[in-house]
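Worksheet: one structure, shown below.
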Amino acid sequence: MAQLPKTKDSILELKDGWLTIWFNRPETRNALSSDLVIDIKNSLVAVSDDRSVRGIIFRGKSGIFCSGIDLNEIKTIVSDADQSYSKSYKMSMELGDLFRMISKTPQITVAAVEGAAMAGAFGIICACDFLVSFTDAKFALTETRIGLTPAQIAPYVLNRLGFIQARKMMLLGSHIDGKEAFKIGMADHIVNSEKQLIECLLDIKDQVKKCGPNAIAKTKEIISDNYIDNSKRAAEYFASCIIHEEGRDGFASFFEKRKPFWEIED
């Protein structure tokens, strides 16, 4: 049986062959901190070779899935002019590694989204095998609206949404709810309550139970065979946006609650 790691920003629950990873940073709307990223990676590694663990569910505590990358951490990077590029490049690579690990993990992965899933969190849900969403959940790719690019998550968004929908959302920083996510085929199931969510997850678990764990693992390898790792190039794009005047003003505008300079009318 897998030995689960100690965690700082998440809570782990292993029950009936399924691991639930709870994001637990309610004070930041469960933002993806460096510690939370490490928590998730360590948890995936811990169960990777354990075929008695049939699946992994990602959820957020306090009624919200995840608000994306911790902008306070990026704010610290932006303030360090000499190291902004190298530090943002490193952060981007670590996130790219996270999404890749989620996508390639041998077990079935399910994102159960309540509240909001923004920016980097969008990458987590798109890297998962299945998405169950509350009808009133909010999804957004907000990067371009603050002068950044959704570089590392782009391949996963394209795979889940298809080219036309992904292009629209990534270029325009679009917002959609759970109903729309289901309508465009992004969400596999939509629910209106915790009771319905549990029932939906039980149905998924029952279906997974009928399939061989090794067969699922090998099938996921086949699905991943065509994946091209562009994480280094994506990190370069992200880091170049961080040090660009748009990225710097975009971040400043977010914290100062004002429009960025490109949105201000003459």
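The letter at position 226 of the sequence shown is residue 233 when you use this note's numbering, and the numbering goes up by one with no holes.
Quick reminder that beta carbons are idealized off the backbone N, C-alpha and C, glycines included.
1. DSSP state of Thr112, grouped into three classes?
2. Can the beta-carbon of Asn31 be found closer than 8 Å to that of Ile18?
3. I'd like to check one pair, Ala144 with Phe106: are the Cβ atoms closer than 8 Å?
4. Tell whether a beta-carbon distance below 8 Å holds between Leu1 and Thr14.
5. Return yes when the Cβ of Ile109 is within less than 8 Å of the Cβ of Val215, no when it is not.
6. DSSP puts Trp29 in a beta bridge; with which residues?
7. Can you say whether His251 is buried or exposed, counting buried as having 16 or more other CB atoms within 10 angstroms of its CB?
8. Under 8 Å between the Cβ atoms of Ser55 and Glu80?
9. Cα-Cα, which of Ile191, Thr156 and Tyr163 is closest to Leu179?
10. Would you mind sorting Pro162 into buried or exposed? The rule is 16 or more other CB atoms within 10 Å of its CB.
11. Going by alpha carbons, who is nearest to Leu118 out of Trp25, Arg58 and Lys97?
12. Taking C-beta to C-beta, are Gln159 and Gly103 nearer than 8 Å?
13. Does the beta carbon of Arg107 sit closer than 8 Å to a beta carbon anywhere in chain D?
14. Are the beta-carbon atoms belonging to Leu208 and Ile64 less than 8 Å from one another?
15. So what does DSSP say about Lys145, is it helix, strand or coil?
16. Terminal residues of the continuous beta strand (DSSP E) containing Ile183?
17. Give a yes or no on contact between the stretch 230-250 and the stretch 85-105, applying the rule of three or more CB pairs nearer than 8 Å.
18. Who does Ser140 pair with in a DSSP beta bridge?
19. For Lys68, which option in Asn233, Met176, Val120 and Asp23 has the closest C-alpha, if you only look at C-alpha atoms?
20. Quick check on Leu204: does DSSP put it in helix, strand or coil?
21. According to DSSP, is Ile76 part of a helix, a strand, or is it coil?
22. Near Pro33, which residues of its chain fall below 7 Å by C-beta distance, leaving aside the five closest residues on each side in sequence?
23. If you draw a straight line from the C-alpha of Tyr92 to the C-alpha of Val139, how long is it?
24. Where does Leu155 fall in DSSP's three states?
In short, the structure shows the following:
1. Three-state DSSP puts Thr112 in coil, outside helix and strand.
2. The Cβ-Cβ distance between Asn31 and Ile18 falls below 8 Å.
3. Against a cut-off of 8 Å, the Cβ pair of Ala144 and Phe106 comes out as no contact.
4. Nothing in the structure corresponds to residue 1, since the chain is present only between 8 and 273.
5. No, the pair does not count as a contact, with Cβ atoms beyond the cut-off.
6. In DSSP, Trp29 forms a bridge with Ile18 and Arg66.
7. Residue environment: His251 is assigned as exposed (fewer than 16 neighbouring CB atoms within 10 Å of its CB, all protein chains considered).
8. The criterion of a C-beta distance shorter than 8 Å is not satisfied by Ser55 and Glu80.
9. Scanning Ile191, Thr156 and Tyr163 for the CA closest to the CA of Leu179 turns up Thr156.
10. Counting C-beta atoms within 10 angstroms of its own C-beta, Pro162 has 16 or more neighbours from the protein chains shown and is therefore classed as buried.
11. A small correction: the amino acid at residue 118 is Ala; Leu does not occupy that position in the sequence shown. Comparing Cα positions, the closest option is Trp25.
12. Yes, the Cβ-Cβ distance between Gln159 and Gly103 is below 8 Å.
13. Note that chain D does not occur in the displayed structure, where there is just one protein chain.
14. Yes, Cβ-Cβ distance for Leu208 and Ile64 is below 8 Å.
15. Strand, per DSSP.
16. Under the DSSP assignment, Ile183 falls in the beta strand (DSSP E) whose first and last residues are His182 to Asp184.
17. With the cut-off at 8 Å, the stretch 230-250 and the stretch 85-105 touch.
18. Beta-bridge pairing by DSSP links Ser140 to Val120 and Ile197.
19. Nearest option by C-alpha distance: Val120.
20. Reduced to three states, the DSSP call for Leu204 is helix.
21. Strand.
22. Leaving aside the five residues that flank Pro33 on each side, the residues in its chain whose CB is nearer than 7 Å to its CB run, in chain order, Lys68 and Ser69.
23. Tyr92 and Val139 have their C-alpha atoms spaced approximately 36 Å apart.
24. Note: Leu155 maps to coil in three-state DSSP.
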